[in-house]
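Asks: Per the numbering used here, numbering through the sequence shown is continuous, rising by one, with the last residue being 1450.
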Amino acid sequence: MTLKVYADRMSQPSRAIIIFCKINEIKFEEIVINLGKRQHLSPEFLHVNPMHQVPAIVDGRFKLFESHAILIYLTSVFPGVADHWYPADLFKRAKIHSVLDWHHSNLRRGAAGYVLNSALAPALGLPLNPKAAAEAEKILTSSLSKIESFWLENSGRFLLGSKQPSIADLSMVCEIMQLEVVDETDRQRILGPHKKVQKWIEDTRNATKPHFDEVHKILFQVRTMLQEKKSARAKL
1215 MTLKVYADRM
1225 SQPSRAIIIF
1235 CKINEIKFEE
1245 IVINLGKRQH
1255 LSPEFLHVNP
1265 MHQVPAIVDG
1275 RFKLFESHAI
1285 LIYLTSVFPG
1295 VADHWYPADL
1305 FKRAKIHSVL
1315 DWHHSNLRRG
1325 AAGYVLNSAL
1335 APALGLPLNP
1345 KAAAEAEKIL
1355 TSSLSKIESF
1365 WLENSGRFLL
1375 GSKQPSIADL
1385 SMVCEIMQLE
1395 VVDETDRQRI
1405 LGPHKKVQKW
1415 IEDTRNATKP
1425 HFDEVHKILF
1435 QVRTMLQEKK
1445 SARAKL
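1) In the DSSP output, what is residue 1279 paired with across the bridge?
2) Tell whether a beta-carbon distance below 8 Å holds between residue 1304 and residue 1385.
3) Going by Cα to Cα distance, which pick from 1407, 1278, 1367, 1330 is closest to residue 1436?
4) How would you call residue 1402, buried or exposed, if buried means at least 16 neighbouring beta carbons within 10 angstroms?
5) Please say whether residue 1223 and residue 1429 have beta carbons closer to each other than 8 Å?
6) For the candidate residues 1275, 1249, 1257, whose alpha-carbon lies nearest to that of residue 1269?
7) Would you check if the segment 1317 to 1337 and the segment 1354 to 1374 touch, i.e. whether three or more CB-CB distances between them fall below 8 Å?
8) Decide if residue 1338 is buried, meaning its Cβ has at least 16 other Cβ atoms within 10 Å, or exposed.
9) Can you tell which of 1344, 1345, 1221, 1379 has the C-alpha that lies nearest to the C-alpha of residue 1280?
10) Below 7 Å, is the gap between the Cβ of residue 1425 and the nearest heavy atom of the ligand PLP?
11) How big is the Cα-Cα spacing for residue 1226 and residue 1397?
12) With burial defined as no fewer than 16 other Cβ atoms inside 10 Å of the residue's Cβ, what is the status of residue 1265: buried or exposed?
13) Per DSSP, which one or two residues make a beta bridge with residue 1220?
14) Where do the ends of the alpha helix (DSSP H) carrying residue 1240 lie?
15) Along the chain, where does the alpha helix (DSSP H) that runs through residue 1414 open and close?
16) Could you check where the alpha helix (DSSP H) with residue 1386 kicks off and where it finishes?
See the structure below:
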């Protein structure tokens, strides 16, 4: 049976799963769960993921949610996935796990919190929250500094000194790409000082083209929509 991927491309981890499947030629059916329309709260989706979150997958009779667990499953089950994504070397795997755990406790808290409270909240029926955005920006800035000074400290182009990307690179870069929907001045203020991070993002993008660009198109469409709404409000 064909793998089913339940996703919303506005979701950072959803994009990571979709790009991974495409770059590794894993056949799958993408089932859109529109978060803005609250489809993740539907009774139908409850049977797929009782936690009401995307992404989630169904592979035959097997169901799984949480993006990092899904990425590890895909690398382990589907033949033809290159070793660099999730190396057989247990020491390298352990290091990748440390990055993935750090991601959820640090970078994701900062990036997701900042983007939601500074830009995306109205699309989800929530008010913007400048105070929460400011707090999240502190976490995000600290996380970007740690990526630059620690996770990217070795000579390789990717995390942990690797010459090719792992699932950790893909997951974290998709997280940072969410900044594309905020005002360009804010994005430059946050990312501008981190030259190594910017190069790492570009290297990951190039390693996963053309799928990276195709899957991230939605962010640029949303950014244009938000800019148009902001301009319309300014004219009132």
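Here a beta-carbon is modelled for each residue, glycine too, at the ideal position from N, C-alpha and C.
Replies: The short version:
1) As a position in the sequence shown, residue 1279 is number 65, starting the count at 1. 1270, per the DSSP bridge assignment.
2) Residue numbering aside, residue 1304 sits at position 90 when the sequence shown is read from its first letter. Residue numbering aside, residue 1385 sits at position 171 when the sequence shown is read from its first letter. Their beta carbons are not under 8 Å apart, which means residue 1304 does not touch residue 1385 by this criterion.
3) One-based indexing of the sequence shown puts residue 1436 at position 222. Checked all of 1407, 1278, 1367, 1330; the closest Cα to residue 1436 is 1330.
4) By 1-based counting over the sequence shown, the position of residue 1402 is 188. Its Cβ having fewer than 16 others within 10 Å, residue 1402 is exposed.
5) Your numbering for residue 1429 matches position 215 in the sequence shown. Your numbering for residue 1223 matches position 9 in the sequence shown. Yes, the pair counts as a contact, with Cβ atoms nearer than the cut-off.
6) As a working note, residue 1269 is residue 55 in the sequence shown. Ranking 1275, 1249, 1257 by Cα distance to residue 1269 puts 1249 first.
7) yes
8) Against the sequence shown, residue 1338 aligns to sequence position 124. With fewer than 16 other Cβ atoms within 10 Å, it is exposed.
9) Here residue 1280 is taken as the residue at index 66 of the sequence shown, counted from 1. Nearest option by C-alpha distance: 1221.
10) Absence of the ligand PLP from the depicted structure is noted, as is the absence of any ligand whatsoever, leaving it without description.
11) By one-based count along the sequence shown, residue 1226 stands at place 12. By one-based count along the sequence shown, residue 1397 stands at place 183. Cα to Cα, the separation comes out at about 18 Å.
12) Within the sequence shown, numbered from 1, the residue matching residue 1265 stands at position 51. So residue 1265 counts as exposed.
13) The count along the sequence shown starts at 1 and reaches residue 1220 at position 6. Looking at the DSSP assignment, residue 1220 forms a beta bridge with 1245, 1270.
14) As a working note, residue 1240 is residue 26 in the sequence shown. Run containing residue 1240: none; DSSP gives neither H nor E here.
15) If you number the sequence shown from 1, residue 1414 lands on position 200. Element bounds for residue 1414: 1409 to 1421.
16) Locating residue 1386 in the sequence shown gives position 172, counting from the first residue. Residue 1386 -> alpha helix (DSSP H) spans 1381 to 1391.
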